[in-house]
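Notes follow the structure.
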Amino acid sequence: MGKSSNDPTLTPKELTGLRDEAADATEGCCTCVFRKDGTHGPSGKLTQMRADGTTPNGQTDTNFKAEIIINQGGSPKAVHVLTRWKMINKTSDTTRYPDTTTLTDDVVNQRVAKIPGSIRKSWNARPYKLKITDSKCGENTFKVDFDAPQVTASSHYDLEFVNVIDAATNNMGANNDYQGIKSGRSYILPSSFSGKFNLADNRSATNGGDTHLEAHEYGHMIGLKDEYHDVGLDRGGVQYEFFDGTSSLHASNTDLMGTMGTTTAQPERYCLTIAYAVVAIFAQNGITVTGLEIV
Ligand SMILES: [Zn+2]
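For reference, each letter of the sequence shown is one residue, going 149 to 443 in this note's numbering.
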């Protein structure tokens, strides 16, 4: 069966073909496929502010793991971002997560199967494009697509799933300790490429919710920081420095990495960590980027 034109997901065969082409890529080529699977960044171009909204709090964008494939020869030219994650069923681990309720592996797998589609829907809605100028190949526009397939081996992120059901506290549980591990809060721990997701969160695609919880967490899985104004954790938005040297500060807004009033990835700045990773991959292949615009 053919792929729908609005489904950017590569078939395994297409993916294998691109990986093979990347293995043959030559330095400075303008129709090559370049690939890097592993750790990218940090760019140092994203700076989180203190709650005052003006002073840096020491948090910058984190490095992140992904397979990035740049296809210069395709039509359209494309950047594929693949983030592979593994499910770890922690719904019975009441020692670590006291409020969790047991689900079988089968049930957890049925529920988490909704996550890749939810992330694709949110992150490919725009879609993002990178207009890149370099001294060798001139100006070219690359369509960016995101995918986050579940795997059982060779994962970029290992995600623990809990099942904390407590409607009174938005399914954060009785141990809603906010920063701590006991609550039903979902988060990514960039330093260990791991995370914890609550299957019972009413914003989760796994719970039939309005499905933006995993899309927000995916933003962290590509290195982005929280934008919301959060006095308790001394966070006051994020300042982004674009490739042309301009910068902008975003705090307490409705966007996906803020208070999530918008459930799809829309602002140019959300493609910035990927853009800097692409510039680095070009550099590793002998191509110097002189201009870059997220469109
Ligand atoms: Zn967050």
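Here a beta-carbon is modelled for each residue, glycine too, at the ideal position from N, C-alpha and C.
When secondary structure is reduced to three states using DSSP, L158 falls in the coil class, being assigned neither helix nor strand. Here the alpha carbons of D378 and T359 stand approximately 23 Å from one another. Of Q387, F212, H364, the smallest CA-CA separation from R198 is found for Q387. M235 and K284 have their alpha carbons spaced roughly 43 Å apart. Here I429 carries a helix assignment [DSSP, helix/strand/coil].
In this structure, DSSP gives G380 a helical state, which the three-state scheme calls helix.
Rounded to whole angstroms, the separation of the alpha carbons of H228 and P264 is 15 Å. Taking the C-beta atoms as reference points, E365 is found no nearer than 8 Å to S339. Here DSSP, grouped into helix, strand and coil, assigns H368 to helix. For N323 against P246, the beta-carbon gap comes to about 6 Å, under 8 Å, which counts as contact. Using a Cβ distance threshold of 8 Å, A226 and F290 count as a contacting pair.
Note that the stretch 170 to 188 touches the stretch 209 to 217; at least 3 beta-carbon pairs, one per stretch, sit closer than 8 Å. Under the 10 Å beta carbon count, C180 is surrounded by 16 or more other beta carbons and is classified as buried. Between F341 and K238, the C-beta spacing is not below 8 Å.
Cβ neighbours of L166 within its own chain (closer than 8 Å, five residues either side excluded): L158, V181, R183, I217, N219, H228.
When the beta-carbon positions are compared, A273 and A413 come within less than 8 Å of each other. Out of L347, T436, I422, S395, the CA that lies nearest to the CA of K277 is found in I422.
Taking a C-beta distance under 8 Å as the contact criterion, K262 and T354 qualify as a contact pair. Per DSSP, reduced to three states, the secondary structure at P204 is strand. Look at which beta carbons fall closer than 6 Å to any heavy atom of ligand 1; those residues are H364, H368, D374.
In summary, N319 is buried, with 16 or more beta-carbon neighbours lying within 10 Å of its beta-carbon over all protein chains present.
When the beta-carbon positions are compared, G201 and G384 come within less than 8 Å of each other. In summary, D374 is buried, with 16 or more beta-carbon neighbours lying within 10 Å of its beta-carbon over all protein chains present. Secondary structure note for D254: it is in no beta strand (DSSP E), and the uninterrupted alpha helix (DSSP H) holding it is 253 to 260. Contact between A173 and N433 holds, since their C-beta atoms are separated by about 6 Å, short of 8 Å. By the neighbour-count criterion, in which 16 or more other beta carbons inside 10 Å mark a residue as buried, E162 falls on the exposed side. Relative to the Cα of T438, the nearest Cα in the group L347, I280, D253 belongs to I280. Residue state for N219 is assigned as strand, using DSSP reduced to three classes. Following the DSSP letters along the chain, one finds R183 inside the beta strand (DSSP E) bounded by residues 181 to 188. In summary, N311 is buried, with 16 or more beta-carbon neighbours lying within 10 Å of its beta-carbon over all protein chains present.
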